[in-house]
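Numbering (our numbering), first residue to last: 4 to 180. Beneath this line is the structure, given in structure tokens, with notes to follow.
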């Protein structure tokens, strides 16, 4: 009798584990450094990228070369698709990543191409509600992974803190969600 009860519990636990595992999704990584240079005019894996504010917000974001960098990244500029670039200037203030469905466990690599300007990211949920934000001012070289806390994120903005009045190029190497 005890053996049958133990077997039922084990079978139940295994069934639950299978059901729980069936709903788990694999993370998606967009590796911009593996892409050829060019304008991003269509969504990539359900993410729409755009530029706003600043001196260069009239076109789509570029996968291009940042501040004389030989590696491609997603930039806040429409002027960075040739290498060596003219440094990617002028730039937009905000590089926006709009997700087609709410996300969590977002992370990215980033290069600010310098420090001290106050670059930051902001993660928003439905209704433009701020979920989290963090400094990117001293993040350089794509060597650090930045983790974005929170769930239900529908929009991730990278901001160069110029207030639309200046230029500062930055790049996103990878975006995982």
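Think of the CB as a built atom: it goes at the ideal place given N, C-alpha and C, for glycine as much as any other residue.
Alpha carbon to alpha carbon, how far is residue 151 from residue 21? Give it in angstroms, no decimals.
-> One-based indexing of the chain shown puts residue 21 at position 18. One-based indexing of the chain shown puts residue 151 at position 148. Note that residue 21 scores a pLDDT of 40, beneath 50, so its modelled location is shaky; the value from the coordinates is reported in the next line. When rounded, the distance between both Cα atoms is 29 Å.
Span of the beta strand (DSSP E), counted from its first residue to its last, around residue 109 = The residue given as residue 109 occupies position 106 in the chain shown. Counting along the chain, the beta strand (DSSP E) containing residue 109 begins and ends at 109-114.
For residue 85, count neighbouring C-beta atoms within 10 Å of its own C-beta (all shown protein chains included) and say buried if the count is 16 or more, exposed if not.
-> Taking the chain shown and counting its residues from 1, the one referred to as residue 85 is at position 82. Label assigned to residue 85: exposed.
Cβ separation of residue 115 and residue 142, assumed to be a contact under 8 Å, to the nearest whole Å = Taking the first residue of the chain shown as 1, we reach residue 115 at position 112. Taking the first residue of the chain shown as 1, we reach residue 142 at position 139. Indeed they touch by this definition, with Cβ atoms about 5 Å apart.
Simplified DSSP state of residue 104, which is helix, strand or coil = Numbered from 1 along the chain shown, position 101 holds the residue referred to as residue 104. In the structure shown, the three-state DSSP call for residue 104 is strand.
Alpha carbon to alpha carbon, how far is residue 40 from residue 49?
-> To locate residue 40, count along the chain shown from 1; it is residue 37. To locate residue 49, count along the chain shown from 1; it is residue 46. Residue 40 and residue 49: Cα-Cα distance of roughly 20 Å.
Which same chain residues, not among the five before or five after residue 36, have their C-beta less than 8 Å away from its C-beta?
-> What you label residue 36 is simply residue 33 of the chain shown in a count that begins at 1. When the five nearest sequence neighbours on each side are left out, the beta carbons in the same chain lying within less than 8 Å of the beta carbon of residue 36 are those of 74, 75, 76, 145, 176 and 177, in order along the chain.
Burial state of residue 133, where buried means 16 or more other Cβ atoms lie within 10 Å | Here the question's residue 133 lines up with position 130 in the chain shown. That one is exposed.
Consult DSSP for residue 37 and reduce its assignment to one of helix, strand or coil.
-> Here the question's residue 37 lines up with position 34 in the chain shown. The answer is helix: DSSP assigns residue 37 an H, G or I state.
Which value, in whole angstroms, describes the spacing of the CA atoms of residue 140 and residue 122?
-> As a working note, residue 140 is residue 137 in the chain shown. As a working note, residue 122 is residue 119 in the chain shown. Answer to the nearest angstrom: the Cα atoms are 5 Å apart.
Local Cβ density within 10 Å of residue 108, reported as buried at 16 or more and exposed below that = Looking up residue 108 in the chain shown gives position 105. By the neighbour-count rule (16 or more Cβ atoms within 10 Å), residue 108 is not buried but exposed.
In terms of residues, what are the limits of the beta strand (DSSP E) holding residue 157?
-> Numbered from its first residue, the chain shown carries residue 157 at position 154. 156-162 is the extent of the beta strand (DSSP E) around residue 157.
Counterpart residues of residue 150 in DSSP-defined beta bridges = Numbered from its first residue, the chain shown carries residue 150 at position 147. Its beta-bridge partners are 110.
Who are the Cβ neighbours of residue 11 in its own chain at under 6 Å, not counting the five residues just before and after it?
-> Taking the first residue of the chain shown as position 1, residue 11 is located at position 8. A caution first: residue 11 carries a pLDDT of 41, below 50, which makes its placement in the model unreliable, though a value can still be read off. Same-chain partners within the cutoff: there are none.
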